[in-house]
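Undergrad: Protein chains in written order, with our numbering: chain H, 1 to 276; chain Z, 1001 to 1276; chain E, 2001 to 2276; chain R, 3001 to 3276; chain Y, 4001 to 4276; chain D, 5001 to 5276.
Number of protein chains: 6
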Amino acid sequence: MERQFGSFVFLSQSPLLLPPSPENIGRLERLLLHVFFPISAVDAEAAATEAGSIMLRSVASALHFENPERSEEDCSREARRVMDIFLASIPRLKELLSLDAQAGFEGDPAARSVREVVLCYPALRTLVMHRTAHLLFQENIPLVPRMMNEVMHSRTGIDIHPGAKIGESFFIDHGTGVVIGETSVIGNHVKLYQGVTLGALSIPKKGCGVLLEGAKRHPTLEDNVTVYANATILGDITVGHDSIIASSAWIKDDIPPCSMVIMQRPDVKVRPLRMS
Amino acid sequence: MERQFGSFVFLSQSPLLLPPSPENIGRLERLLLHVFFPISAVDAEAAATEAGSIMLRSVASALHFENPERSEEDCSREARRVMDIFLASIPRLKELLSLDAQAGFEGDPAARSVREVVLCYPALRTLVMHRTAHLLFQENIPLVPRMMNEVMHSRTGIDIHPGAKIGESFFIDHGTGVVIGETSVIGNHVKLYQGVTLGALSIPKKGCGVLLEGAKRHPTLEDNVTVYANATILGDITVGHDSIIASSAWIKDDIPPCSMVIMQRPDVKVRPLRMS
Amino acid sequence: MERQFGSFVFLSQSPLLLPPSPENIGRLERLLLHVFFPISAVDAEAAATEAGSIMLRSVASALHFENPERSEEDCSREARRVMDIFLASIPRLKELLSLDAQAGFEGDPAARSVREVVLCYPALRTLVMHRTAHLLFQENIPLVPRMMNEVMHSRTGIDIHPGAKIGESFFIDHGTGVVIGETSVIGNHVKLYQGVTLGALSIPKKGCGVLLEGAKRHPTLEDNVTVYANATILGDITVGHDSIIASSAWIKDDIPPCSMVIMQRPDVKVRPLRMS
Amino acid sequence: MERQFGSFVFLSQSPLLLPPSPENIGRLERLLLHVFFPISAVDAEAAATEAGSIMLRSVASALHFENPERSEEDCSREARRVMDIFLASIPRLKELLSLDAQAGFEGDPAARSVREVVLCYPALRTLVMHRTAHLLFQENIPLVPRMMNEVMHSRTGIDIHPGAKIGESFFIDHGTGVVIGETSVIGNHVKLYQGVTLGALSIPKKGCGVLLEGAKRHPTLEDNVTVYANATILGDITVGHDSIIASSAWIKDDIPPCSMVIMQRPDVKVRPLRMS
Amino acid sequence: MERQFGSFVFLSQSPLLLPPSPENIGRLERLLLHVFFPISAVDAEAAATEAGSIMLRSVASALHFENPERSEEDCSREARRVMDIFLASIPRLKELLSLDAQAGFEGDPAARSVREVVLCYPALRTLVMHRTAHLLFQENIPLVPRMMNEVMHSRTGIDIHPGAKIGESFFIDHGTGVVIGETSVIGNHVKLYQGVTLGALSIPKKGCGVLLEGAKRHPTLEDNVTVYANATILGDITVGHDSIIASSAWIKDDIPPCSMVIMQRPDVKVRPLRMS
Amino acid sequence: MERQFGSFVFLSQSPLLLPPSPENIGRLERLLLHVFFPISAVDAEAAATEAGSIMLRSVASALHFENPERSEEDCSREARRVMDIFLASIPRLKELLSLDAQAGFEGDPAARSVREVVLCYPALRTLVMHRTAHLLFQENIPLVPRMMNEVMHSRTGIDIHPGAKIGESFFIDHGTGVVIGETSVIGNHVKLYQGVTLGALSIPKKGCGVLLEGAKRHPTLEDNVTVYANATILGDITVGHDSIIASSAWIKDDIPPCSMVIMQRPDVKVRPLRMS
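This is the structure:
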């Protein structure tokens, strides 16, 4: 295993056997914001090449780290293929995110402008990363999309697994505590509030059952569904289009379209308080 | 549009048409902590001038960005006016935040000293930014107060809209998931726990109704109110002074003063579990 | 108080009367990850010495800041003693965290590998800091363990007081909004979901009662307990081993071993929605 | 010396007994560039307040560090006085630096525009700091002006002692290795090349003589003097106006006005080289 | 000049009228080192895309800043063209820099390996930037190549104007104070020591003469020339191949090939020193 | 080559095959300043452990990078041995550097205090790194000492090869352009000015001669020697104790003790200049 300096490859043993750098993954958020909400054409293009460069390095590292038996060349080729997919997808992603920003403006009475949504709303920042991470997830890239997911979870309290499929014009208000599981499917014009969980019914990995790889474990929300704060929707069920789910509701069964799901609130007793 | 270099104004076209820098907004937290909890007089003064400089630049950018038809001079003048208001308000804000720190110490049995509250408690960091952002909000500065709000939302999970009016000696324990809406009014000596929402009843912006600009959509909490974890208080209602709201309560109606609001907890059944 | 330059001690007055640096505390997370999940032996050792150096400085500062009457020498000696304890505890902590990572892999069907848990899961990052902070807490070090706690609370939304005792193979899924109070005791193989609170019943510090220093105010969870999302367990009670607590349950009483605690969910009414 | 927390002064012992922060001194260069060559009026004003804030903190620290017997209040008052002088001097400094930039453009055939001088030339960066440092030096501020001097020495290889008095329209080409001593006096329209020394004849501090405090030990260069590369001018002599000094010349005596100082170059012999 | 938000171009007025960012130019050094001396193929490719992204943004800014009448689209197109030239030139630049590293190893007896040259020698770092800057200079890009030049001048004390043409296998030992002027031409296998100047005879820009745009003002050094420390070579002269110039020599005339240029050193008198 | 996760060694292939990180080497300067000129005992100790940690990692990397056939364990063991030597040498290095600072104060009439020397003088910063790098050089550590050398060369323009042996109370004034070669030997109380070269006579590595490994190629300066600016001393000669070398002198022969070496300055002709 000779070390050829003439060709300036410093290392004959592969240095790719390190996981993707969390700092680099963290830089993607701001770069992608410049890509999708550009200040100018050249700014967008430069941000896209820089984001692509991080993607290239991170994806190749992740592939090699998880599959040390694959050659470095092979991992790089695969990474380049995925970077090209990302670059080709920018127009479509930009369109989707523009609709999300518009949905945010329309969905929050406190929003003064679409610009405020882009600059301030945690949901939009999270979607910028999620929609890109989902692309990588569909290409079976390990680690990187999950790291993108957790960077945003850490920064916004919104935890969207990169596997989740999300339609157009999606909005989450406030967002802290939202959890959207791996096999969730969300239609167009859906709106969630803080603390909403789209979760799985608990299935132990080990034990009497077998977790079917790729089995759908999380809900489907059809178009125009609104879910108020802290509602919990569990399992592979469907909430029909144009339905509204009350806050704190706990749902494990299909909901027909155009339903209003009201929760029988626990009684609240108000009694005078003797002050000490 | 001549470019006079002699006078060293590099650019004849306005460069202010960029939004305020998120990095600068993010630096405000630490600077304001030095302003309000100073290590020495000169440290406080230097931190105040630095915070003022960021405010000046950010506010001018925000005004010009949102109102491109206003002249740069006009935006700068307005920014300077607001910076002066901030500098003049420091003594009052310092007094308020000192009371908040004291309230934190008294409100949490686990707190060993007021210093621990200042150094460790997310609520205090958030209030340092909120009380300053509220000042800017009252002066109708766009974007900047909301960006300050979201910086702290991201760092602490506490989401206080800069429009919310908050009295003296306010405390939030833990704080993750707290949401305090734009037109909320909070009296003195109020204490909240994690996950509390002071929200609005949902009003679509578009549709059959019209959102009255400035309408009060969020609750009023009078003096000495305590709200336990995950309670939700919605709409323009009033919780009377010296009341206590149980955790997870869901309230849409006025509560008279000196009330204890108890929630009829859902029954919890405990049954033996056959171990597999 | 002469200023001897010959001995190159710049300052005769103690400069330690500053609180520990938040930036340094913040750097501990990444360093400890390298200590406990090393890339190589030398990387682990270098990270351990660097983490130890931050600990030394922070602990000495904290001791002197909180006890200005103690001499600097005394604070340094104490800090060195604690750093030695940390260094000696690394093998045991590494073993514990390895079990936690394994528990994360087994506990989440979406996890593809133990490496993904180490790289992506907020619970593991939080435990890396908590298990170290708990060590300092047991040695009565002020401020530093609480600052470590709040750094992770800010980054993950998981708030574990450094006083909490946690057994082997612990896992928290998603984690946002989890609160684990100071005197909580958690057995082996326990698993929590997002939004779970292990809290205290409210005891005012001032007033008719006296807060017993060191009194146990938070729950004990015995081995193999699972607590689903948003459940609230309050006071010095015991949840017996091998029990399961349903999501959103609200518990103030002891639960016998091998129990399934089911909550009578509030009725959810589904009615057709007339679309406007 | 009680520690009043109510007034939020954390420390009763003075924390100012630390030297000024080198990082802060280092940040001054960029800020001052924004002050004197502004992108917009608001940018200049914000940069000036930020630079002033650093100056305030650094000067107060330096005064207290060098004079521990002075009270902190006294040091702060003095620092504030100096900061006000700086702020009041900005228009005059801006004018001077504008002339320097113009001199750079006229003095270097390779310069394409005045903007290139401002963006690229080490001499201009150094003058931006020197002219400000000289102001502080004249107010007898210790350490800070010397630290500003050394920051630029490190970044450009140009070493101008803050005591040096420099007239209008000054330019240094390339600059590496230039040394300008403490009591140098430089007229208007002077131009130096790389490696020029304006030095002192060596006077031992200790020994048979006494170093007269404030004695002039370095040269005076009158208006319109040009000194070519690596020339050395030593002692309290005067180079008369409109003179030109050849490169590598070594001068210890007064030079009359309008002189051309030519150096008898050592003979250079060119002989054929037998190639091995 | 409408502000279309739908297309997410925030700003209708051009934001490019800012000079290239010095921070970005500064980052190029490390990136280019990764491009030309890569750790792995994917690392090199990612570094190249990131360097290209900085180049794209900087070049477009520089073009627009210096030519405000050119449209932004036009500047971007031109920047993209130049970036493509850079990317296409990487193999040739890599080959050249590999030869430079080899020349450094052979030229310094203290060098232990070619790797040490790449990691430690200021000359190599400077050439990595110079050879890239020269490419931009040849394409008539304003500002950016000069900024690259000055970044390295600041970091290494070696000042190579981007216009200078440099052949293969070039080496500079130590380097501090080296100045290589804009129209210098350097052959293959040339070696310089610290303090060498390849300068112009002074030509005032204004005055009785006219500076011929593009006139050659600096020396040509043919192949295999060695110039020892602090030698000064001035004007459009030629130093013939295989010549050696003694240290401190001062040369204004052509030197024939295969010459040894020796300087008649000034006499050095050694006399006994009476110790005081 | 199995990847054992249980033991948490991520990588079975050695990740050490990367060169030492330049960023880490760069951080050593400030840390070593804290070690040798401490603010307090605990600050010094923490800085020493952090510097030691960087040294450990860098030395191990350098050993493995230059000797890939050595096992990682072996490299780490060697690195630990060297770190221990460094830690044990701190008292002696501190004493030496204290004498250097005192020498700086006594050697420069412009220095107001020893503190100013420590805070501002490039020579002292360089010695802090050199004296440590020399220690590593003596232990035959590759790359790291040279990288430390070049970091300081870049920051101060002073280029001291780590092999150079330097006695007590050494001082360099200004320093830009100073070069001190690998086999130089410098006695006690020596003082140099800017631009001084202690160099080798040129010996081609390849060619008719053979470079004797370890041959002394650079000068010896005995005690109490002073060398003025830009003097050049070449080859394995000795400058006897208590000698003074004039500026710009060029010396290739032994100088007896107590000599004053004066250079016959080239004649300087002053002639009147006809102004155009």
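Yeah, the Cβ is synthetic: ideal placement off N, Cα and C, and Gly gets one too.
1. Among residues of its own chain, excluding the 5 on either side of Y/Leu4056, which ones have a beta-carbon nearer than 7 Å to its beta-carbon?
2. Which of the three DSSP states is assigned to Z/Ser1169 in this structure?
3. For H/Asp159, write down the residues that DSSP places opposite it in a beta bridge.
4. Pick from Z/His1189, Z/Ala1041, Z/Thr1226, Z/Ile1054: whose alpha carbon is nearest that of Z/Pro1022?
5. Hey, is D/Asn5230's beta-carbon within less than 9 Å of any beta-carbon in chain Y?
6. Please say whether H/Thr232 and H/Ala249 have beta carbons closer to each other than 9 Å?
7. Which residues of chain H have a Cβ atom closer than 7 Å to the Cβ of Z/His1064, listed in chain order?
8. Alpha carbon to alpha carbon, how far is D/Leu5099 from D/Pro5109? Give it in angstroms, no decimals.
9. Going by C-alpha distance, which of Y/Gly4235, Y/Lys4191, Y/Thr4226, Y/Asp4074 is nearest Y/Lys4278?
10. What residues are listed by DSSP as bridge partners for R/Leu3192?
11. For the alpha helix (DSSP H) containing D/Ser5089, name the first residue and the last one.
12. With distance defined between alpha-carbon atoms, name the residue in R/Ala3103, R/Met3263, R/Val3128 nearest to R/Ala3051.
13. Pairing CB atoms from the stretch 88 to 99 of chain H with CB atoms from the stretch 62 to 79 of chain H, are three or more of them under 8 Å?
14. So, is Z/Asn1149 buried or exposed, given that buried needs 16 or more other C-beta atoms within 10 angstroms?
15. Output the residue ranges of the alpha helix (DSSP H) runs that lie fully inside the stretch 1029 to 1075 of chain Z and measure 4 residues or longer, sorted by chain position.
16. Could you give the first and the last residue of the continuous beta strand (DSSP E) run that contains H/Leu198?
17. Which chain Y residues are close to R/Ala3280, counting only those with a beta carbon under 7 Å from its beta carbon?
18. Specify, as a first and last residue, the run of the alpha helix (DSSP H) that D/Leu5018 falls within.
19. Give me whichever residues DSSP pairs with Y/Leu4234 in a beta bridge.
20. In terms of alpha-carbon separation, which member of H/Ala60, H/Gly240, H/Ala47, H/Arg271 lies closest to H/Thr220?
21. Output yes if chain H places a C-beta closer than 9 Å to the C-beta of Y/Ser4259; else output no.
22. I need the straight-line Cα distance from Z/His1064 to Z/Pro1019, nearest angstrom please.
23. Thinking E/Gly2107 and E/Phe2171 are a contact (beta carbons under 8 Å), I'd like their distance in whole angstroms, please.
24. Can you grab the Cα-Cα spacing for the pair Z/Ala1111 / D/Leu5136, in whole Å?
25. Starting from E/His2153, find everything on chain Z with Cβ-Cβ shorter than 7 Å and list it in chain order.
26. Z/Ser1058 versus chain H: which residues are under 9 Å apart at the beta carbon?
27. Step through the CB atoms of chain Y and report whether any lies within less than 9 Å of the CB of H/Val42.
28. Which residue or residues does DSSP assign as beta-bridge partners of E/Arg2271?
29. Assuming the contact rule is C-beta atoms closer than 8 Å, Y/Gly4157 and D/Gly5214 should be a hit. Round their C-beta distance to whole Å, please.
30. Is there a C-beta anywhere in chain Z that falls below 9 Å from the one on H/Pro145?
31. Specify the secondary structure class of Y/Ile4141 as computed by DSSP and reduced to three states.
32. Mind checking H/Val201: buried by the 16 CB within 10 Å criterion, or exposed?
33. For H/Ile244, which residues from the same chain have a beta carbon less than 6 Å from its beta carbon, with the 5 sequence-adjacent residues on both sides left out?
34. Report all residues from its chain with a CB closer than 6 Å to the CB of D/Ala5044; omit the five preceding and five following residues, and keep chain order.
35. Return the CA-CA distance between H/Arg131 and H/Glu168, expressed in angstroms with no decimal places.
36. By alpha-carbon positions, which one of Z/Ile1025, Z/Ala1088, Z/Leu1031, Z/Ser1040 ends up nearest to Z/Val1279?
TA: Judging by the given coordinates:
1. The residue labelled residue 4056 of chain Y in the question sits at position 56 within the fifth sequence. Answer for Y/Leu4056: Ala4079, Arg4080, Met4083, listed in chain order.
2. Walking along the second sequence from the start, residue 1169 of chain Z turns up at place 169. Note: Z/Ser1169 maps to coil in three-state DSSP.
3. Residue numbering aside, residue 159 of chain H sits at position 159 when the first sequence is read from its first letter. For H/Asp159, DSSP records a beta bridge to H/Val179.
4. The count along the second sequence starts at 1 and reaches residue 1022 of chain Z at position 22. The residue with the shortest Cα to Cα distance from Z/Pro1022 is Z/Ile1054.
5. One-based indexing of the sixth sequence puts residue 5230 of chain D at position 230. Yes, because at least one Cβ of chain Y sits closer than 9 Å to the Cβ of D/Asn5230.
6. Here residue 249 of chain H refers to the residue found at position 249 of the first sequence. Here residue 232 of chain H refers to the residue found at position 232 of the first sequence. Their beta carbons are under 9 Å apart, which means H/Ala249 touches H/Thr232 by this criterion.
7. Translated into positions along the second sequence, residue 1064 of chain Z becomes position 64. Listed along chain H, no residue sits closer than 7 Å to Z/His1064 by beta-carbon distance, the nearest being about 13 Å off.
8. Numbered from its first residue, the sixth sequence carries residue 5109 of chain D at position 109. Numbered from its first residue, the sixth sequence carries residue 5099 of chain D at position 99. Rounded to the nearest whole angstrom, the CA to CA distance from D/Pro5109 to D/Leu5099 is 17 Å.
9. Because chain Y here runs from 4001 to 4276, residue 4278 of chain Y falls outside it and cannot be looked at.
10. In the fourth sequence, counting from the first residue as 1, residue 3192 of chain R sits at position 192. Its beta-bridge partners are R/Ile3172, R/Val3227.
11. Here the question's residue 5089 of chain D lines up with position 89 in the sixth sequence. For D/Ser5089, the uninterrupted alpha helix (DSSP H) run begins and ends at 5072 to 5107, by DSSP.
12. Locating residue 3051 of chain R in the fourth sequence gives position 51, where the first residue counts as 1. Among R/Ala3103, R/Met3263, R/Val3128, the Cα nearest to that of R/Ala3051 belongs to R/Val3128.
13. Contact between the stretch 88 to 99 of chain H and the stretch 62 to 79 of chain H is absent, with fewer than three C-beta pairs closer than 8 Å.
14. Working through the second sequence from its first residue, we reach residue 1149 of chain Z at position 149. With 16 or more other Cβ atoms within 10 Å, it is buried.
15. Given a length threshold of 4 residues, each whole run of the alpha helix (DSSP H) inside the stretch 1029 to 1075 of chain Z is given here in chain order: 1041 to 1066.
16. The residue you call residue 198 of chain H lines up with position 198 of the first sequence. The continuous beta strand (DSSP E) containing H/Leu198 extends over residues 197 to 199.
17. Within the shown structure, residues of chain R are numbered from 3001 to 3276, placing residue 3280 of chain R beyond reach of any answer.
18. For the purposes of this step, residue 5018 of chain D is taken as the residue at position 18 of the sixth sequence. Element bounds for D/Leu5018: n/a, residue is neither H nor E.
19. Looking up residue 4234 of chain Y in the fifth sequence gives position 234. Per DSSP, the beta bridge partners of Y/Leu4234 are Y/Gly4199.
20. Counting from one through the first sequence, the residue named residue 220 of chain H turns up at place 220. Looking at the Cα atoms, H/Gly240 is the closest of the given residues.
21. On the fifth sequence, residue 4259 of chain Y is found 259 positions in, with the first residue counted as 1. The C-beta of Y/Ser4259 comes no closer than 9 Å to any C-beta of chain H.
22. Position 64 of the second sequence, counted from the first residue, corresponds to residue 1064 of chain Z. Position 19 of the second sequence, counted from the first residue, corresponds to residue 1019 of chain Z. Computed Cα separation, rounded: 9 Å.
23. Taking the third sequence and counting its residues from 1, the one referred to as residue 2107 of chain E is at position 107. Taking the third sequence and counting its residues from 1, the one referred to as residue 2171 of chain E is at position 171. Going by Cβ atoms, the distance from E/Gly2107 to E/Phe2171 rounds to 4 Å, so yes, they are a contact pair.
24. Counting from one through the second sequence, the residue named residue 1111 of chain Z turns up at place 111. Counting from one through the sixth sequence, the residue named residue 5136 of chain D turns up at place 136. If I take the Cα positions, the gap works out to 48 Å.
25. The sequence position of residue 2153 of chain E within the third sequence is 153, counting from 1. Near E/His2153 (Cβ distances below 7 Å), the residues of chain Z are Pro1122.
26. Within the second sequence, the letter at position 58 stands for residue 1058 of chain Z. Near Z/Ser1058 there are no residues of chain H at all, since even the closest Cβ is about 11 Å away, more than 9 Å.
27. The residue given as residue 42 of chain H occupies position 42 in the first sequence. Yes, contact with chain Y.
28. If you number the third sequence from 1, residue 2271 of chain E lands on position 271. DSSP, once it has assigned bridges, lists H/Met260 as partnering E/Arg2271.
29. Within the fifth sequence, numbered from 1, the residue matching residue 4157 of chain Y stands at position 157. Within the sixth sequence, numbered from 1, the residue matching residue 5214 of chain D stands at position 214. Incorrect: roughly 29 Å between the Cβ atoms, too far for contact.
30. Residue 145 of chain H sits at position 145 when you count from the first residue of the first sequence. No, its Cβ sits nowhere closer than 9 Å to a Cβ of chain Z.
31. On the fifth sequence, residue 4141 of chain Y is found 141 positions in, with the first residue counted as 1. Here Y/Ile4141 sits in coil by DSSP.
32. As a first step, residue 201 of chain H is located in the first sequence; it is residue number 201 there, counting from the start. First, the amino acid is wrong: residue 201 of chain H is Leu here, not Val. Label assigned to H/Leu201: exposed.
33. In the first sequence, residue 244 of chain H corresponds to position 244, counting from 1. The beta carbon of H/Ile244 sits closer than 6 Å to those of Thr226, Met260, all from its chain and outside the five residues before and after it, given in chain order.
34. Along the sixth sequence, one-based indexing puts residue 5044 of chain D at 44. Excluding sequence neighbours, D/Ala5044 sits near Val5035, Pro5038.
35. In the first sequence, the residue the question calls residue 131 of chain H occupies position 131. In the first sequence, the residue the question calls residue 168 of chain H occupies position 168. When rounded, the separation of the alpha-carbon atoms in H/Arg131 and H/Glu168 is 11 Å.
36. This structure cannot speak to residue 1279 of chain Z, because chain Z is shown only from 1001 to 1276.
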